[in-house]
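Please read the structure below before turning to the comments.
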Amino acid sequence: MSDPETVLKALMLRGLDGDAKAHGELLGVLARHLRAFFARRLGGAAADAEDLVQETLLAIHLKRETFDTVQPFTPWAYAIARYKMLDHFRRQGVRRAVPLEDAGVLIASETAEEGAARRDLERLLGDLPARQRALVEDVKLTGHSIEEAATRQGMTPGAAKVAIHRSLQRLARKVRE
Amino acid sequence: MKTGELIALLSNDAPAARGGRFAPRLLAAAVIGAAVSLGVLVAWLGMRPMHEAMRSGSFWMKAGYTSLLAASGLFVTVRLARPGGSIGAALWIAAAAVAWLATMAGMETMRTPDGGMAHLWLGWTWQVCPFRILALSLPVLVGALLALRRMAPTQPALTGAMAGLFAGAVGATVYGLYCRETAAAFVVVWYSAGVAACAALGAAVGARLLRW
């Protein structure tokens, strides 16, 4: 079970079954792999690397339905990471070839120490309606569950879940602007 | 926002999400699109009498050709819709279909006297055929691209092109319910031109619309 692919795929499958804890754990492990992966490919730009880590985690999260459960996990995650890196270069107006490598490079190493992000996701959420913003703050900072946060904001849990998901989709769009 | 905070936020948005099967969704979009195309065809050009069409070999030749192109485009699009998806072998179906029809066209050419050559290749309707096919493909293309927006193609332009191949071929199949042209030579040139135009449109639109 120590092989990263086996561990990651098991976590992914549990997450897709609705196990929020496994999903969080998956993203945590992936963040360390992605950080090492982007740091090596972006050279010195550590803040850009952390931005890309966040952007890729967001994409992996929002597109998790597109994972074919009979396929291995690493190539899927690698394809998303590479796509986001290409997109990053394109937005910066850099023409840079990104060779197609073996997907295994994604999980070859990890970096636990979190770099500072250059782009502040907080700020991007600034124009959300007040109640949605408060909801996100509650879930993110205080670690409340959606149910608790919903009660505090006077929303039903169902409405709160939809609101959080919409906020995340909006975040992903803003990140790409 | 720190990455750790982002992860906490994301793990709170984790409902069960199994079974993101894409092929049925794309097919459903295509069926709706094709129904719209058929409605447009009936209102615009009308259908040829089916009892007559069913007995004509050229009707089946056209339907066979466009169905093979559609199947090829569908398979490839489904593969490309997921991160890391590659074209795969299904594009050979389209290549084989073109080769088959080109061979039939070559045989027709040998049977045709010199004076009939222009008509063999141009038929009665070469000036309108590709445009009509493109028009009838649009509802299918819109449906296919909307379905693809929920997926995550890592090659947006190529994926758009393959969705365009699929939509164009479905549009051409619908058009075959009206068209009375009989020559393989005509179909391999002008039907293919309509389908190719739809693929080019799909590539151009997909390059923008399918980014995520």
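Sequence lines, in order, name chains A and B. Straight run, no breaks: the first sequence in the numbering used here ends on number 177. Straight run, no breaks: the second sequence in the numbering used here ends on number 1212. Note that beta-carbon positions come from the ideal geometry of N, C-alpha and C, so glycine has one too.
Proximity of residue i and residue j at Cβ, strictly below 8 Å
i         : j         : result
B/Val1170 : B/Ala1043 : no
B/Ser1086 : B/Arg1079 : yes
A/Ala39   : A/Thr111  : yes
A/Gly18   : A/Leu26   : no
B/Trp1124 : B/Ala1185 : no
B/Val1036 : B/Pro1139 : yes
A/Lys63   : B/Ala1152 : yes
A/Ala79   : A/Leu34   : no
B/Leu1141 : B/Leu1074 : no
B/Ile1032 : B/Gly1143 : yes
A/Ile146  : A/Pro129  : no
A/Ala149  : A/Ala160  : yes
B/Val1098 : B/Ser1192 : yes
B/Ser1137 : B/Gly1168 : yes
B/Ala1105 : B/Phe1166 : no
B/Cys1172 : B/Gly1194 : Residue 1172 of chain B is actually Ala in this sequence, not Cys. Taking 8 Å as the Cβ cut-off, B/Ala1172 and B/Gly1194 qualify as a contacting pair.
A/Asp51   : A/Arg118  : yes
B/Glu1181 : B/Val1187 : yes
A/Tyr83   : B/Thr1003 : no
A/Pro72   : A/Lys21   : no
A/Ala103  : A/Thr74   : yes
A/Phe37   : A/Leu106  : yes
B/Cys1198 : B/Leu1134 : yes
A/Asp120  : B/Met1001 : yes
A/Gln153  : A/Leu125  : no
B/Trp1212 : B/Trp1126 : no
Neighbour-count burial assignment, residue i, 16 or more Cβ in a 10 Å radius
i         : result
B/Leu1148 : buried
A/Asp3    : exposed
B/His1051 : exposed
A/Thr6    : exposed
B/Met1054 : exposed
A/Trp76   : buried
A/Met12   : buried
A/Gln54   : buried
B/Met1107 : exposed
B/Arg1082 : buried
B/Trp1092 : exposed
A/Arg91   : exposed
A/Arg123  : exposed
B/Ala1023 : exposed
A/Arg96   : exposed
B/Ala1096 : exposed
B/Gly1084 : buried
A/Val98   : exposed
B/Gly1057 : exposed
A/Pro116  : Correcting the residue identity first, residue 116 of chain A is Ala in this sequence and not Pro. A/Ala116 is exposed by the Cβ-count criterion.
A/Ala49   : buried
B/Met1117 : exposed
B/Ala1016 : exposed
A/Leu30   : buried
A/Asp138  : buried
A/Ala108  : exposed
A/Val94   : exposed
A/Leu100  : exposed
A/Glu177  : exposed
A/Val70   : exposed
B/Arg1018 : exposed
B/Ala1034 : buried
A/Gly24   : buried
A/Met1    : Because the pLDDT at A/Met1 is just 49, under 50, the model does not fix this residue reliably, and the point stays unresolved.
B/Thr1103 : exposed
B/Ala1094 : buried
Residue i at chain E interface by Cβ criterion, 8 Å
i         : result
B/Lys1062 : Of the protein chains in this structure, namely A and B, none is chain E.
> When the Cβ atoms of the region 1171-1180 of chain B are set against those of the region 1052-1068 of chain B, are three or more pairs found closer than 8 Å?
Replying inline: Taking a cut-off of 8 Å on C-beta distances, the region 1171-1180 of chain B touches the region 1052-1068 of chain B, as three or more cross pairs fall below it.
> Given 8 Å as the limit, is there contact between the region 157-164 of chain A and the region 1002-1013 of chain B, that is, 3 or more CB pairs closer than that?
Replying inline: These segments touch.
> Taking the runs of the beta strand (DSSP E) that are 3 residues or longer, which of them lie wholly in the region 1160-1193 of chain B?
Replying inline: With a minimum length of 3 residues, no continuous beta strand (DSSP E) run stays inside the region 1160-1193 of chain B.
> Quick one: any contact between the region 1156-1167 of chain B and the region 1193-1211 of chain B, if contact means 3 or more CB pairs under 8 Å?
Replying inline: yes
> What are the complete alpha helix (DSSP H) segments, minimum 4 residues, inside the region 81-157 of chain A?
Replying inline: 121-124, 130-141, 146-152
>> At 4 residues or longer, what runs of the alpha helix (DSSP H) sit wholly inside the region 22-85 of chain A?
In response: 46-62
> Residue ranges of each alpha helix (DSSP H) run of no fewer than 4 residues wholly in the region 1009-1069 of chain B, ordered along the chain?
Replying inline: 1022-1044, 1050-1054
> Which ranges does the alpha helix (DSSP H) cover as unbroken runs of at least 4 residues, wholly within the region 1097-1129 of chain B, from first to last along the chain?
Replying inline: 1117-1122
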